[in-house]
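Chemist: Mind looking over this structure? Questions follow.
In this note's numbering, the protein residues as written are 528 to 646.
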């Protein structure tokens, strides 16, 4: 899956929360000043080109819906980061988190316990 821009992720979060909707409904989800319809329409078409959303035709307009879940996107993003920055080594990625104190040893032990319990 292709990486999404921040704006694309923001729009996808609306689709994940609300489900299928028209671009005009998407515009209404934003606070004032609302983004222009054409701006969001362009982002939506970009997301469709990347395979994240699809559409159903309703006359001369489209209702868009997500084709991936937020969890699927998160997993693919993690895979991309590990591949790109940690030479495809999850061990190296987790080690970096421990070294940067982003995850504690107690949290790591808890994670290991969960994995062992689920097997």
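Even for Gly, the Cβ is constructed at its ideal location relative to N, Cα and C.
Within the same chain, show all residues whose beta-carbon is closer than 8 Å to that of residue 543, passing over the 5 residues directly before and after it, in chain order.
Modeler: 593, 596, 597
Chemist: Taking the beta strand (DSSP E) that residue 563 belongs to, which residues open and close that run?
Modeler: Taken as a continuous stretch (DSSP letters only), residue 563 belongs to no beta strand (DSSP E), as it is neither H nor E.
Chemist: Considering only the beta carbon of each residue, do residue 570 and residue 533 sit closer than 8 Å?
Modeler: Going by C-beta atoms, residue 570 is not nearer than 8 Å to residue 533.
Chemist: Confirm the yes/no value for this check: CB of residue 635, any heavy atom of the ligand SAH, distance under 7 Å.
Modeler: The ligand SAH is absent from the structure shown, which contains no ligand whatsoever.
Chemist: Quick check on residue 622: does DSSP put it in helix, strand or coil?
Modeler: Helix at residue 622.
Chemist: Sort out for me which residues DSSP pairs residue 585 with in a bridge.
Modeler: 588
Chemist: Shortest alpha-carbon distance to residue 547 belongs to which of 564, 582, 633, 530?
Modeler: For the set 564, 582, 633, 530, the Cα lying nearest the Cα of residue 547 is the one of 582.
Chemist: Can you tell me the Cα-Cα spacing of residue 554 and residue 561, whole angstroms?
Modeler: 7 Å
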